[in-house]
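Residue numbers (UniProt numbering): 1 to 426.
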């Protein structure tokens, strides 16, 4: 038979996710139940029982107790006679008395360790209060909690529409495969402060058999983030003094020094994937300040587009200087352009090289740099033809490309090479 929630008496249990839904559906409260008194004495006494009016589903028998999502429920009647549909507010409340008792001979008491399987199926966020043009953070978490507890494969659905979501972290292990279906467009907070200090926006962890599907979009509001990442405009780039004992995997520069940077140390840092460790780009703007005093030591770069790099623009008005740059005891793992000074920096070839860079580079050293390169030229020193590099030293650079030693390409520089290191080629 089909049991109605009019036959269920609900006890608010240890979790709170459905409380708002039940509060809306409740017709009238109930007192303490026989289930609490006679079957599960461990249930707290300060509970709130309510009767609900809505289809629930096929449940075998009426006199059962079951646990769902941290909430205890039991039926109010032991016969198929159901209460009348929802009454008008003016009607008197019916007297509902649970018939379950310790001495009832026509009831079988379930063992204390009995638990039914959690519900399975489609957990749409709309069931948990999720609405378009609103924040669905809590609705998604609630839907995930229920889906993850299902012993059958389940789905968390975010239907079409536009939603906001702050930082979310959901975890397993889940009891069965779980799928998140995103058909809507989910926006991160436009202001990074909306993430409340979280270092990741959407994170799923400790889950096996997880699927993310759908036609939707996760919009990270990148325009806001890139403003913070532009060192040419971000004054905080000038205040970076020391980075130590860190793992950095940004997909962009792990470390980037802009104009005005002084006396900066980077030590014991793992970098990658990303663009490597960079000085610059410099020279694009007329009033840039000098960059001086940079030490990179005991670092590992892995799967980066560049290793250690100094880059300046040609054909631009900037006349700043770069000096006292020292890179030593560095390991490269499958890195493109492990060592590169590029004074013809022109991304995507969208600039002119008609005039050389006006940035002066001097007092640069590369010492004890080893590992593997993804390019044949492991050492590239392309300096300005207008202002050649001065006082450049290369010592003990041992890089391989496909098992063979890498080569060096140099222009407008006469480096001092000692130890094992490739000789410069034009």
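All residues carry an ideal CB built from backbone N, CA and C; glycine is no exception.
According to DSSP, is residue i part of a helix, a strand, or is it coil?
i: residue 222; result: helix
i: residue 349; result: helix
i: residue 208; result: coil
i: residue 416; result: strand
i: residue 152; result: coil
i: residue 194; result: helix
i: residue 169; result: strand
i: residue 298; result: strand
i: residue 421; result: coil
i: residue 263; result: strand
i: residue 179; result: strand
i: residue 285; result: coil
i: residue 162; result: strand
i: residue 121; result: strand
i: residue 199; result: coil
i: residue 409; result: strand
i: residue 378; result: strand
i: residue 385; result: coil
Report yes if the C-beta distance between residue i and residue j is below 8 Å; otherwise report no.
i: residue 339; j: residue 269; result: no
i: residue 320; j: residue 288; result: yes
i: residue 298; j: residue 352; result: no
i: residue 278; j: residue 335; result: no
i: residue 422; j: residue 411; result: no
i: residue 322; j: residue 361; result: yes
i: residue 318; j: residue 283; result: yes
i: residue 341; j: residue 295; result: no
i: residue 154; j: residue 147; result: yes
i: residue 175; j: residue 151; result: yes
i: residue 332; j: residue 369; result: yes
Can you name the start and end residues of the alpha helix (DSSP H) that residue i belongs to?
i: residue 138; result: 137-148
Could you please give the first and the last residue of the uninterrupted beta strand (DSSP E) stretch that includes residue i?
i: residue 326; result: 321-335
i: residue 362; result: 360-373
i: residue 131; result: That residue, residue 131, is in no beta strand (DSSP E); it is neither H nor E in DSSP.
i: residue 277; result: 276-282
i: residue 242; result: 242-248
i: residue 309; result: 308-312
i: residue 125; result: Neither: residue 125 is in no beta strand (DSSP E) and is coded neither H nor E.
i: residue 390; result: 390-401
i: residue 355; result: No beta strand (DSSP E) holds residue 355; DSSP gives it neither H nor E.
i: residue 187; result: 185-187
i: residue 339; result: 339-342
i: residue 256; result: 253-257
Relative to the C-alpha of residue i, which residue among the options is closest?
i: residue 149; options: 171, 131 and 159; result: 171
i: residue 313; options: 303, 252, 369 and 386; result: 386
i: residue 273; options: 367, 300 and 311; result: 300
i: residue 208; options: 177, 190 and 318; result: 177
i: residue 186; options: 174, 293 and 136; result: 136
i: residue 219; options: 247, 182 and 211; result: 182
i: residue 275; options: 190, 302, 377 and 293; result: 302
i: residue 142; options: 133, 403 and 156; result: 156
i: residue 189; options: 261, 162, 254 and 211; result: 162
i: residue 179; options: 123, 363 and 139; result: 123
i: residue 192; options: 212, 215 and 224; result: 224
i: residue 173; options: 210, 253 and 194; result: 210
i: residue 420; options: 366, 426, 376 and 413; result: 366
i: residue 389; options: 343, 258 and 379; result: 343
i: residue 213; options: 426, 196, 184 and 205; result: 184
i: residue 125; options: 254, 384 and 158; result: 158
Inter-stretch contact (C-beta, 8 Å, three-pair minimum) for the region 200-211 and the region 159-176 | yes
Okay, do the region 346-353 and the region 291-310 touch, 3+ Cβ pairs below 8 Å being the bar?
-> no
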